[in-house]
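Going by the numbering used here, the sequence shown opens with residue 1, and the numbers climb by one from there.
Each residue gets a CB set at the ideal place from its N, CA and C atoms; glycine is no exception.
A quick note: this is a predicted structure, and the numbers were derived from the prediction, not measured.
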Amino acid sequence: MSILIQNGILVLPTGPIQADLRVAGGRIAELGPGLAPGASRVIDAQERLVFPGFIDTHTHFEMNKGFPNETADDWYTGTRAALAGGTTTVLDFAEPERGATLASALETWHGRADGAACCNYGFHMTVKDWSPSIRSELREMTAAGVTSYKVYLAYDNLRLSDAAAYEVVKAVGAEGGVVGCHCENGDLVTEGIRAQQAAGNLSPAAHPLSRPPAVEAEAVGRWLTIAELAGCPVNIVHLSTLRGLEAVRAARTRGQRLYVETCPQYLLLDERSYRLPGFESAKFVLSPPLRAQENCAALWDALEAGEIDTIGTDHCSFRFHGAKELGREDFSKIPNGIPGVEHRPSLMYTYGVAAGRITAVDMARLLAENPARLFGMYPQKGVLAVGSDADLVIFDPNDTGRITAETQYQNVDYTPYEGMALRGRVDTVLLGGEVAVEGGRVLLERRGRYVSRGPSGFWR
Ligand code: DUC
Ligand code: ZN
Ligand code: ZN
Ligand code: ZN
């Protein structure tokens, strides 16, 4: 099966060009102006942008599985929503029980995703405790294509000591991997929650008060100190504050190498969402929390200045009715997280590219190329180049619409972006050289493949 995409605007790293692109055998076979006709199928991409398939390196499908606070999107519905929105590869966080092996978590995550996933997928590995036996598993993880890890400095059931985090960074770095970190000061968050409860502040509005910007900034600074001493580049996931950004800038000024992720919610939503009536604000309870508007502006500036490396969603689809309601009487029981895997490309196009803040090339870099480079998938993925996998998005920049829970693929009863206007729409998606989405509707299901990844990091 070969497909010829004609007259599209190909978003290449060097700039957009009007050209054709031929797909054969699941790969990009040829690209350039005026390619010879002759293909089993021709797609007219006139006035459409052709992007490399977008990569979301921060999802949580089937999170808290089997518990009342489990997420609604399983691997099938979550990756189907991703695909509909133009995301052709996700990296999700495998999470072993404390005391269990990394291999056990990898097996569990494969068991959930294999045969169910509608887009391609790989796994980061969460490290919740550290021991010589876990250390001895890193080689096996590399061989299995897992070259990135995550640690938490917050959540009592997840977090590591600074010393253990240091050991993880060193050991993973020596193995050719990279470690990302949830940067919030866990002790101070626990105390912040206690103080709000003691004052009788039990509504969702207390959530951001319990974990203010300084709590993130302290942890970003500490994480970068840990990385500096370990001598390895590290990643900071879901950066949400100007104060955190200042800690990043200080480290970079000293010459430290590090990577930064932010998420659409920290660019587009803000703390006003915690002033909604009733329990409505629970829809916006995530950690780190939404911030004052000046932080969104600072993150946009950082994006424009090239200081942010990737944009992931941190997709956690807790249902409002059911999961979020566990915290009706106490905000600290509201599961932390929001859905978004379906909407990241269209949001970033609308509020980034169409708004004139970033270019289409920047968008391809932030949503495809950098994720692929950082997490060992480049140039197989993340770029329109001859020989790369034919995961492609044909995007209509002139279509308009609105985000609504009613019409979304995400298997959840709300979206934090309800009613937001969109400019541009994902029209067609090719997955491994086959048309998987057409006119925004998913045609091919359960065809995602596991992506075994190489060494992580730009700097090696
Ligand atoms: N952090 C994440 O990265 N994901 C889910 C919850 C959280 O706090
Ligand atoms: Zn986190
Ligand atoms: Zn997350
Ligand atoms: Zn209800």
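Asked                                                                                                                                                             : Found
By Cβ distance below 6 Å, which residues in the same chain neighbour serine 287 in space, the five residues on each side in sequence not counted?                 : Asn336
Looking at glutamate 167: is its Cβ nearer than 9 Å to the Cβ of arginine 135?                                                                                    : yes
If you measure between the beta carbons of proline 20 and glycine 32, is that distance less than 9 Å?                                                             : Sequence check: residue 20 is aspartate here, not proline. Result yes, Cβ atoms of aspartate 20 and glycine 32 sit closer than 9 Å.
Okay, do the segment 241-254 and the segment 321-336 touch, 3+ Cβ pairs below 8 Å being the bar?                                                                  : no
Going by other Cβ atoms of all chains shown within 10 Å of its Cβ, with 16 needed for buried, is tryptophan 459 buried or exposed?                                : exposed
Taking glutamate 261 and histidine 238 to be in contact with their CB atoms under 8 Å, please state how far apart those CB atoms are, rounded to whole angstroms. : 6 Å
Answer yes or no: the CB of aspartate 314 versus the heavy atoms of ligand 3, is any distance below 8 Å?                                                          : yes
Run through the DSSP bridge pairs and tell me what cysteine 181 is partnered with.                                                                                : Val151, Ile236
Determine which residues share a DSSP beta bridge with methionine 125 and list them.                                                                              : Ala94, Tyr149
What residue does the alpha helix (DSSP H) around threonine 407 start on, and which one ends it?                                                                  : Where threonine 407 is concerned, there is no enclosing alpha helix (DSSP H), given that its DSSP letter is neither H nor E.
Which same chain residues end up closer than 8 Å to leucine 446 when comparing Cβ atoms and leaving out the 5 residues on each side of it in sequence?            : Looking at the sequence provided, one finds arginine at residue 446 rather than leucine. Hits under 8 Å: Tyr76, Gly115, Ala116, Ala117, Cys118.
Please report the straight-line C-alpha distance between tyrosine 409 and histidine 343, rounded to a whole angstrom.                                             : 10 Å
Could you name the residues that DSSP lists as bridge partners for serine 456?                                                                                    : Serine 456 pairs with nothing; no bridge assigned.
Can you tell me which of the three DSSP states glutamate 307 falls into?                                                                                          : coil
For arginine 194, write down the residues that DSSP places opposite it in a beta bridge.                                                                          : None; arginine 194 has no bridge partner.
Taking DSSP as the reference, what is the three-state secondary structure of alanine 24?                                                                          : strand
State buried or exposed for asparagine 185, treating a residue as buried only when at least 16 other CB atoms are found within 10 Å of its CB.                    : buried
Can you tell me the Cα-Cα spacing of valine 146 and alanine 105, whole angstroms?                                                                                 : 12 Å
Going by the DSSP bridge assignment, what does arginine 441 pair with across the sheet?                                                                           : Glu438
Threshold first: 3 residues or longer. Then list the beta strand (DSSP E) segments lying entirely within the segment 326-402, N to C.                             : 392-402
Taking the continuous beta strand (DSSP E) assigned at glycine 542, which residues delimit it?                                                                    : With the chain covering only 1 through 460, there is no way to say anything about residue 542.
Any heavy atom of ligand 1 closer than 8 Å to the beta-carbon of leucine 286?                                                                                     : yes
Quick one: is the Cβ of tyrosine 450 within less than 8 Å of any heavy atom of ligand 2?                                                                          : no
Beta-carbon within less than 6 Å of isoleucine 43's beta-carbon, same chain only, minus the 5 sequence neighbours each way: which residues are those?             : Ile5
Quick one: what does DSSP say proline 264 is sitting in, helix, strand or coil?                                                                                   : helix
If you follow the alpha helix (DSSP H) that arginine 48 is in, where does it begin and where does it stop?                                                        : Looking at the DSSP string, arginine 48 is not in any alpha helix (DSSP H), and its letter there is neither H nor E.
With 16 other CB atoms within 10 Å as the buried threshold, where does valine 386 fall?                                                                           : exposed
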